[in-house]
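The opening position of the sequence shown corresponds to residue 497 in my numbering, with each subsequent residue numbered one higher. Don't be surprised by glycine CBs; every beta carbon is placed ideally from N, CA and C. Everything numeric in this text was worked out from a predicted model, so none of it was measured. What follows is a single structure, written as structure tokens, with notes after it.
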Amino acid sequence: NRNRKQAASALGISLRTLYRKINQYNLED
């Protein structure tokens, strides 16, 4: 369970950064 939680949190963080980058690119447009 712990490993799964860590993986989920890591995925959430990576997704957050991805969305942030996408938002930045959209703002540039």
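Helix, strand or coil for residue i, going by three-state DSSP, please let me know.
{"i": "Asn497", "result": "coil"}
Between residue i and residue j, what straight-line distance do the alpha-carbon atoms span, to the nearest angstrom?
{"i": "Asn522", "j": "Leu514", "result": "12 Å"}
{"i": "Asn499", "j": "Gly508", "result": "14 Å"}
{"i": "Ala506", "j": "Arg512", "result": "10 Å"}
{"i": "Ile518", "j": "Asn497", "result": "31 Å"}
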